[in-house]
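> Residue numbers (the working numbering): -16 to 203.
A virtual CB, placed ideally from N, CA and C, is assigned to each residue, including glycine.
Predicted model, so just to flag it, every value in this text is computed and none were measured.
Sharing a structure, written as structure tokens. Questions coming.
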């Protein structure tokens, strides 16, 4: 069957490749199963699924939901949910809209700090995908403000950075319940330290497990 990767992103969020190109790459790398788990969008699932058969790759429908618990960012990987589920799609639309407003606010903060990148350029970098912080980081690298994306997060747009803007996010337990209503199962993504984000508290992990969480991501 080949290898399995259950946490991938396409250019519909902060990945590099189009969904079909990612499936092709997975096949070339010897993978037999991949899950498409873009941030707060299922827009790439249909294209990826269509590419799966000719490349002999099983594509698991997924999404990575933005959640937050007492100021700590929590990412919830969701699998096998109904991508057309009305309530789920309504929440994804709201999350994407909030990401757009957040991107604009972050660019404005950077302008006031003396780093005049344009929101238009950030949107160009994002293309058809959601606007996420790595797109702002790429614009900062292009403008010569920082050497790389890691420096952009460390100095400016990380959770404690001067240009950070909090995003709308679900409560983790609400995210679990929503995905279960949509017929899916959830896994907690990278519960340890990730960039400038704090690790997920153990008491939250216990609460999520009691609420039906299917597992924890061990290797990201």
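Report whether the distance from the Cβ of residue 166 to the nearest heavy atom of the ligand NAD is below 6 Å.
Among the components modelled here there is no ligand, and therefore nothing to report on the ligand NAD.
> Looking only at its own chain, which residues have a Cβ that is under 6 Å from the Cβ of residue 116, when we skip the five neighbours before and after it?
Within the chain shown, numbered from 1, the residue matching residue 116 stands at position 133. If we look at residue 116 and ignore the five residues flanking it on each side, its Cβ neighbours are 140.
> Count Cβ pairs between the stretch -9 to 1 and the stretch 101 to 115 that sit closer than 8 Å; are there 3 or more?
Segments in contact, yes.
> Give every residue of the same chain whose Cβ lies closer than 8 Å to the Cβ of residue 3, excluding the five residues on either side of it in the sequence, and list them in chain order.
The residue labelled residue 3 in the question sits at position 20 within the chain shown. Within the same chain, residue 3 has close Cβ partners 30, 31, 33, 34.
> Report the rounded CA-to-CA distance for residue 179 versus residue 133, giving the unit in angstroms.
What you label residue 179 is simply residue 196 of the chain shown in a count that begins at 1. What you label residue 133 is simply residue 150 of the chain shown in a count that begins at 1. Confidence is the limiting factor: at residue 179 the pLDDT is only 48, short of 50, which leaves the residue's position unreliable and the question unanswerable from this model.
> What are the boundary residues of the alpha helix (DSSP H) that includes residue 139?
Along the chain shown, one-based indexing puts residue 139 at 156. Run containing residue 139: none; DSSP gives neither H nor E here.
> Applying the 10 Å Cβ sphere with the 16-neighbour rule, what's the burial state of residue 47?
In the chain shown, the residue the question calls residue 47 occupies position 64. Looking at its Cβ environment, which holds 16 or more other Cβ atoms inside 10 Å, residue 47 is buried.
> Applying the 10 Å Cβ sphere with the 16-neighbour rule, what's the burial state of residue 186?
One-based indexing of the chain shown puts residue 186 at position 203. Label assigned to residue 186: exposed.
> Where are the beta strand (DSSP E) runs, 3 residues long or more, that stay fully inside the stretch -5 to 64, in chain order?
14 to 19, 41 to 52, 55 to 62
> Excluding sequence positions up to five away, which residues of its chain have a Cβ less than 6 Å from the Cβ of residue 89?
Looking up residue 89 in the chain shown gives position 106. Excluding residues up to 5 positions away in sequence, 119, 146, 148 lie with their Cβ nearer than 6 Å to the Cβ of residue 89 in the same chain.
> Looking at residue 28: is its Cβ nearer than 7 Å to the Cβ of residue -14?
Translated into the one-based positions of the chain shown, residue 28 becomes position 45. Translated into the one-based positions of the chain shown, residue -14 becomes position 3. Cβ atoms of residue 28 and residue -14: not closer than 7 Å.
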